[in-house]
Amino acid sequence: MKNIFALMLLLPICSALSGKENLPFTTTNVDSLNINRSFIHTQTMLSPNADSMLQEFQYFDGLGKPVQTVSQGISPAKGDLVSTSTYDSMGRISKQWLPLHVLGNNGAFLSDPFNSTVKQYADNAPYQYTEYDHLPESRIILQQDAGEAWKKNPILTHYLTNESNTVLNCIRYQVNDKGTLYEDGVYDPGELRVIQSTDEDGKSSYTFTDKEDRTVLIREMDGTKQHDTHYVYDIKGNLCYVLSPMYQESQDLSLYAYQYSYDNKNRCIMKKMPGGNLNRYAYDKADRLICYQDHYQQQYSKWIISIPDQKGREVIKGVSVSSSINVPPISNTLVYAERYQGEGAMKSGYIIHDLLDMLNSEPKEVNYYDDYSFLSDYESTNTQQSLKYSFEDFPSWLKNKEKGFSALTIEPVGLQSGKRSYLDNNTYLLTALYYDKKGRIVQKRGTNHLGGYDIYFYSYTFTGLTKGQVHIQFDSNKKTIVAEYYNYEYDGGERLKQVIYRLNGGQEIVLAENEYDNLCRLKNVILNNGASTLNYNYNIRNWITSIDSPFFKQKLHYTDGAGSPCYNGNISSITWQTASSGISGYKFSYDDLNRMKDAIYGEGNNLNENSNHFNEQITGYDKNGNILGLKRFGQTSQNDYGLIDDLLLSYTGNRLLAVKDNAVNSAYAGNFEFSNGADKSVEYNYDVSGNLKNDLNKKITDIQYNYLNLPSLIKFENGSNISYLYSPEGAKLRTIHVTDKDTLMTDYCGNVIYENEIPVKLLTEVGYVTLTDAVHHYFLQDYQGNNRVVIDNNNNVEEVNHYYPFGGVFASTSSVQPFKYNGKELDRKNGLDWYDYGARMYDAALGRWHVADPSSEKNYSNTPYGYCFNNPVTHIDPDGKQGVAIPTPYGPLPFYYPLTRTQSYNLPSDQQIMRHTSDKFAELGQMITDAPKMSYTFGSLLYYQVKSAVSPEYNHQRKRDRKAKENLDKNQANVANSIDTNVSGMMPNGDPAPKRDPNDKSKIGKAGKKVLIGSGIARTALELTTPDPTQDAYDAHTNQVVGKEEYSTNYIRDIFEWIIEQLKD
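Just so you know, we're using the working numbering here: the sequence shown kicks off at 20 and counts up by one.
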């Protein structure tokens, strides 16, 4: 009877929808579908007059379970994509069928899509299969991804308890009342829950949780060798210690443990990283992190400060000197800043309240909100005039386009209106932001470090996608350096179709054109006005299998090919070919932690010709993933090949101590190899924060760093040096190379590159333009975004590159530009041979970074200096602070482009990297918040979540940030924009794309819900806005929160039929 009563309560809800109102748009005639089941029909308007829309039908069975989703007309051929789910006898999803493409279906329900799906994929198992145990919790015990090949290679999950003296044993670590770690035997049998996860290749890991559901141990197995990461909590449940796997080999907390301390409010106030880097934190009365200090800054009593205004928005970030070595006494004060008519603190235009005991503050960033009064604060008349909203400097050759950019501007109440960014050379950059009534940036104006200024104009589609962009760069005399125009065209599925480009009033060209297959995957990228095409193919798992163009071809093999089959997403072999060379490739092998062991080079179809010429082999790792031995083969003379590097690496903790090279031969003609310039017991030294100070092998005598741990000066033994200038966000602005022969100054001003004050290159989304002759050059890239071939606008091949797996260039034609591996800039001057990834510099000769990972607490079990979890085959690192697995590329650079941009240290964010690849790939947005262990399932990655084992400071900060984000920076969200390859969620110039204003009632959509009862039609219009004010336009569109929903005529009947069934039972 209780169940029936609950069902009867649904009836008033249905009758509440009986008000009549005609909706202001037409819709599919749902009555003509002749459907005998409940459904929800969602329409998302793509234009203001509703002549273009996205439509989706979600169908339900009699028990209300979704059984089929039909995306009507979504494919390029205007066909439907039909996704079907089937259930087991317990009502649990058993099979999720891959999308079926159907022409002429018009959104209708397909009663039997199964045979057609088998035929479409030419595979007997085009579905994802899940099996459960028989307990009430319905725990998953088997997951089998799509494809006949995976039937015998599922992911298995076993639910166990701990035991003694087996692989299921667990040491009990505890923390006493003084915060000291001690070992207290082992856990009693049955005291812990254990989940054993085995991937498609039979590789197992174990997660141990206690009775409070806290993770206490993650055990990964490499054969019989255990790699244990322990998590230790205090009596309050705070995470106090994380013991990395090497701790079990050498119980040294200073080298192998993450250590945390808390105040009486359970806030993390101290963090000690492996290697001894001690960080301290100070919070104010409102529980906001105000001061932060790393180990290096402690030597000088310096603190990084972050000051909010009265609304909690960060307005000042800088470096201050304390009069004491102690933590600033601010825990009982409320620290905030407010606008001031005079100079204020640090000449910022703010005064700061109750920041005690802080002297000689040096500003780094000052943010302004709500108005533009900051423009009149100590700025010259010329600067004020240049940064005011205007169309006077809009290019005359684009006057016919001006109307599309002339959106009505509003006062930026609640939005960031501008910013000052202070540079290390005692100057600052000033930026002003202007918005339309929907809170989207329509103009950005800012000074640059060369004394000029940049202006950006933006226009948008109805749904908030970037429609157009104009960028103009002026020098200090207001002379135009470059003026460029981008126009973005989208198809009916809001997929980027075409990028039209015009430079300095020249001829308009189609910079790139995208074509998609019927499953909406990127199929072709057409470059250079249609003169060059890259074709992409995929397997049933949507893993890319080939890239094909006249100039570069690549094939990726997973379960087939010349290597050993891999079912968990590892690549077993790769082959490639250029127009001037035959087939080359690698066969790969991996250990049980998915770390690369051997990359065996070969040529020909089966890679059995000219074998071993360019092998790269890892002979050993320690338990934290530090490379112990590396062998590299290469060209040793004009006709000979052999071992060029035979490296043995030694460490103190995770920090490199020395490298011994036992190879006799050297690389021919100065080709890539390890530079063995010393033979000492200590060849590498680090500062207290874990940054490399010198490298005797490269003859580097000293490296100095700024407050972001970015190198500001590198000195060499021969007197040469390299100096760097950065923005406070970490974007590289200038590099100066000084040798005994000459000096080269390279400036990175937006997307314009200068050499010795002369503009020489303009970076575009698909390559660059040489400004001396206005010639376009295009990057042809492989599946990782490595620049393989460079062609000009006449399809002349200018550069060809071949890479070792860890990034070294082993064969290349003449080098015409510096962007190589992962699209990153390679600096070979003075023998540096480092790639600049933004947050860190990468040394491909050693397969490691020389600065600790700023995100190391997201993956405790790995060394903070390791590159991409030691799997450079299936991973890339977009910005130097996060390894990203690449199971399903959807284009040439769908995850992290533009790699050639000078990126900020803290941008793009984790979610920005994954923006706008594909709806099917949205799972990767969790990549950073989860702890990834490489195992692929259901077309994406399976992550083992470490529920309680998250960095306390990181977790605490995330909670504050999440709360603040609900009220702040609505303009800083990321919309899909520019080009599919520019998916970092930034504007094409690298700025954060704007966020919708939830207070703007003009954007409220109409959601119409129609319920047919008998022969009567009743409608009601419900006003909906984005329920999450932090959602941007693309998020809102993806989640379809602004749309129209319709319910079928059978909805009420289904409820009553269910009631009758309950009565029978």
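For each residue, glycine too, the CB sits at the ideal point set by N, CA and C.
- The beta carbon of glycine 738 lies closer than 7 Å to those of Asp759 in the same chain, with the five residues before and after it left out.
- Beta bridge pairing from DSSP links alanine 502 with Ile491.
- Counting along the chain, no alpha helix (DSSP H) covers glutamate 876, and no H or E run does either.
- Under the DSSP assignment, glutamine 654 falls in the beta strand (DSSP E) whose first and last residues are 646-654.
- Secondary structure at glycine 423: helix, using DSSP grouped into helix, strand and coil.
- Between proline 824 and tyrosine 609, the CB-CB gap reaches or exceeds 9 Å.
- Threonine 180 places its beta carbon less than 9 Å from that of glycine 209.
- With contact defined as three or more Cβ pairs closer than 8 Å, the region 711-721 and the region 694-703 are in contact.
- In this structure, the straight-line span from the alpha carbon of glutamate 508 to that of glutamate 411 is close to 27 Å.
- The residue from Asp443, Ile474, Lys383 and Val432 with its alpha-carbon nearest to that of phenylalanine 424 is Ile474.
- By the neighbour-count criterion, in which 16 or more other beta carbons inside 10 Å mark a residue as buried, alanine 141 falls on the exposed side.
- Proximity to asparagine 643 across Asn624, Arg614 and Asp207 peaks at Arg614, based on C-alpha coordinates.
- Checking the DSSP bridge columns, you'll see serine 280 partnered with Met289.
- Distances from the CA of tryptophan 416 to each of Met72, Ile491, Ser834 and Asn188 were compared; the closest alpha carbon is that of Ile491.
- For threonine 893, the three-state secondary structure derived from DSSP is coil.
- Between the region 170-180 and the region 194-213, the count of Cβ pairs shorter than 8 Å is three or higher; the stretches touch.
- Along the length of the region 743-784, whole beta strand (DSSP E) runs at least 3 residues long occupy 751-757, 762-768, 771-774 and 777-783, reported in chain order.
- In the structure shown, proline 264 falls within a helical segment according to DSSP collapsed to helix, strand and coil.
- Residue range 711-714 is occupied by the beta strand (DSSP E) that includes asparagine 713.
- The DSSP assignment places complete beta strand (DSSP E) segments of no fewer than 3 residues inside the region 550-621 at 551-557, 563-567, 571-576, 592-597 and 603-609, in order along the chain.
- Counting the other CB atoms within 10 Å of its CB gives glutamine 162 a total of 16 or more, which places it among the buried residues.
- Asn523 is the residue among Pro569, Gly689, Asn523 and Ile112 whose C-alpha sits nearest the C-alpha of leucine 781.
- Pairing tyrosine 454 with threonine 482 gives a Cβ-Cβ distance that is not under 9 Å.
- When C-alpha distances from glutamine 360 are compared across His795, Asp207 and Asp396, the shortest belongs to Asp396.
- With a cut-off of 8 Å on Cβ pairs, the region 782-795 is not in contact with the region 557-577, counting fewer than three such pairs.
- According to the DSSP assignment, serine 392 belongs to no beta strand (DSSP E), since it is labelled neither H nor E.
- Between the alpha carbons of glycine 648 and proline 778 lies a gap of roughly 44 Å.
- Residue state for cysteine 310 is assigned as strand, using DSSP reduced to three classes.
- Cβ contact annotation for alanine 301 (same chain, cutoff 7 Å, sequence separation greater than five): Ile309, Cys310, Val346, Pro347 and Ile349, in chain order.
- Take alanine 96, set aside five residues on each side of it, and the residues of its chain with a beta-carbon closer than 7 Å to its own are Leu122 and Asn537, in chain order.
- Taking 9 Å as the cut-off, the Cβ atoms of glutamate 219 and isoleucine 174 count as close.
- Between the alpha carbons of phenylalanine 829 and tryptophan 868 lies a gap of roughly 20 Å.
- Valine 518: not part of any alpha helix (DSSP H); member of the beta strand (DSSP E) spanning 515-522, first to last residue.
- The straight-line gap separating the alpha-carbon atoms of asparagine 710 and threonine 720 is approximately 14 Å.
- Each residue's CA atom was taken as its position, placing glutamate 817 and glutamine 526 some 23 Å apart.
- Contact holds between the region 141-160 and the region 97-115, because three or more Cβ pairs, one in each stretch, are under 8 Å apart.
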